[in-house]
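Undergrad:
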Amino acid sequence: MKKKVIILLAVFTVGLYGILPGITAFAVAPVISDVLTSNITENSAVVSWKTDVDATSSTVIYGTALGGPYGTTVIGVGDEKSHLANLTSLTANTTYYYKVKSTNGGDETISVAEYSFTTNAFTITGVTSSNVTSTAATITWNTNVIATSNVDYGLTTGYGSSAPAVADATADSLGHSVALTGLTPNTLYHYQVKSEDASANEEVSVDMTFQTQADLPPVISSVLPDGITIGTDSSASINWDTNELSSSQV
C-alpha cells in the first residue's frame, strides 16, 4: 500500500511542473528585473526589462505625474523573457514616470519601483541675419531635430509679419533659412524664429534685430561712348555700369 502512495505523489509532483503530457503546470508570476530607459530623444524613448520566466504579455504604463496616475499604456515587444516598449509622441524637455507590467498565464506582476526619464530639450541655435540690403535680409538658424521654418518680424517686438506667411510643414530640416523681402531702407527690424517638430513641439528664439541699409543712389562706373557718327544725322550711344538695378537717362 505504501508503494502506491509514493507512486501517486510522484505523478502529482511531475504533473505540477508540466512534465507529463496533458497536465498543465501552475502559472508562476514573473519576477521583473533590469528595467532600463534608452534612446531618449525630445519626443521618444525605449523602455526595456527582463523577467525570470516566460511572459505572455508585457506593457508599460506612464504619465507626467510622480506616483501616477499613468494615463498611457504601451504594449511591449520582444521574446518571452526580454521585453521592450517604444514610447512615442512625447513632449520635449518633460519628465515622465512609468512602471512596467508582465503577465504569465493570468498572473500579473507590476514593478514595485517607479522609474523616470526626461526627454531632451528641443533647441534652436545659431540664429543669424545676413545678406542685409536696403530692402531684404536672410535669417538662418539650426535645430537639433527636423522641424519647420518660420520668422516673425516687424518694427517692434510685437512683430506683425511672418515669413513664410504660412509655415511650410513639408520643408522640414535641421538647417533653416528664410528670406525677408519688401523691407524699408535704413530701418531697425525686430525678429524671432520659430520651429515645430513632428510631435507639434514648438521652440521660439529670443528677440533679435538687424538694420537695413540706407537707400543710396546707384554708383556709376565705366562710362563709354560708342558708335559716334558725325554728319547731318549725328548720333552717339553712351554705355555705363551701376552697382544695382536702376533706370537710365543721359
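The numbering of the sequence shown is the working numbering, which starts it at 1406 and goes up by one. Note that beta-carbon positions come from the ideal geometry of N, C-alpha and C, so glycine has one too. These figures come from a predicted structure and were not determined experimentally.
1) Assuming the contact rule is C-beta atoms closer than 8 Å, Tyr-1475 and Gly-1483 should be a hit. Round their C-beta distance to whole Å, please.
2) Run through DSSP, which three-state label would Leu-1585 get?
3) Can you tell me whether Ser-1652 is helix, strand or coil according to DSSP?
4) Where in the stretch 1498-1586 do unbroken runs of the beta strand (DSSP E), each at least 3 residues long, occur, reported from the N-terminal end onward?
5) Measure the Cβ-Cβ separation of Leu-1495 and Asn-1448 and say whether it is below 9 Å.
6) Near Ser-1501, what residues of its chain come up, given a Cβ to Cβ distance below 8 Å and the 5 sequence neighbours on each side ignored?
7) Helix, strand or coil for Ala-1605 per DSSP?
8) If you draw a straight line from the alpha carbon of Gly-1531 to that of Thr-1553, how long is it in whole angstroms?
9) Is Gly-1476 helix, strand or coil by DSSP?
10) Whole angstroms are fine: how far does the CA of Ala-1603 sit from the CA of Ile-1551?
11) Near Val-1440, what residues of its chain come up, given a Cβ to Cβ distance below 8 Å and the 5 sequence neighbours on each side ignored?
12) Answer with buried or exposed for Asp-1612, where buried requires no fewer than 16 other C-beta atoms within 10 angstroms of its C-beta.
13) Taking 8 Å as the limit between beta carbons, can you name the residues of its chain near Thr-1647, skipping five residues before and five after?
14) My understanding is that Ile-1597 touches Val-1609, with C-beta atoms under 8 Å, so please give their C-beta distance in whole angstroms.
TA: With the structure as the only source:
1) Taking the first residue of the sequence shown as position 1, residue 1475 is located at position 70. Taking the first residue of the sequence shown as position 1, residue 1483 is located at position 78. 21 Å between Cβ atoms; not a contact.
2) Counting from 1 along the sequence shown, the entry for residue 1585 is found at position 180. Three-state result, Leu-1585: strand.
3) Counting from 1 along the sequence shown, the entry for residue 1652 is found at position 247. Secondary structure of Ser-1652 (DSSP, three-state): coil.
4) Counting only runs that start and end inside the stretch 1498-1586, the beta strand (DSSP E) elements of at least 3 residues fall at 1500-1509, 1512-1515, 1520-1523, 1529-1535, 1542-1552, 1555-1559, 1566-1568 and 1578-1585.
5) Along the sequence shown, one-based indexing puts residue 1495 at 90. Along the sequence shown, one-based indexing puts residue 1448 at 43. If you check the CB distance, Leu-1495 and Asn-1448 come in under 9 Å.
6) Taking the first residue of the sequence shown as 1, we reach residue 1501 at position 96. As written in the sequence, residue 1501 is Tyr, which differs from the Ser given in the question. Ala-1450, Tyr-1467, Gly-1468, Thr-1469, Leu-1492, Leu-1495, Ser-1521, Phe-1522, Thr-1523 and Thr-1524.
7) Along the sequence shown, one-based indexing puts residue 1605 at 200. The answer is coil: DSSP assigns Ala-1605 none of H, G, I, E or B.
8) The residue given as residue 1531 occupies position 126 in the sequence shown. The residue given as residue 1553 occupies position 148 in the sequence shown. The straight-line gap from Cα to Cα measures roughly 16 Å.
9) Indexing the sequence shown from 1 puts residue 1476 at position 71. Coil, per DSSP.
10) Here residue 1551 is taken as the residue at index 146 of the sequence shown, counted from 1. Here residue 1603 is taken as the residue at index 198 of the sequence shown, counted from 1. Ile-1551 and Ala-1603: Cα-Cα distance of roughly 8 Å.
11) Within the sequence shown, numbered from 1, the residue matching residue 1440 stands at position 35. Cβ within range, chain order: Val-1452, Ser-1453, Trp-1454, Val-1505, Ser-1516, Ala-1518 and Tyr-1520.
12) Translated into the one-based positions of the sequence shown, residue 1612 becomes position 207. Its Cβ having fewer than 16 others within 10 Å, Asp-1612 is exposed.
13) As a position in the sequence shown, residue 1647 is number 242, starting the count at 1. Residues Pro-1623, Val-1624, Ile-1625 and Ser-1626 of the same chain have their beta carbon placed closer than 8 Å to that of Thr-1647, with the five preceding and five following residues left out of the count.
14) Numbered from 1 along the sequence shown, position 192 holds the residue referred to as residue 1597. Numbered from 1 along the sequence shown, position 204 holds the residue referred to as residue 1609. According to the sequence shown, residue 1597 is Gln rather than Ile. Their Cβ separation, rounded to whole angstroms, is 6 Å, which keeps Gln-1597 and Val-1609 in contact under 8 Å.
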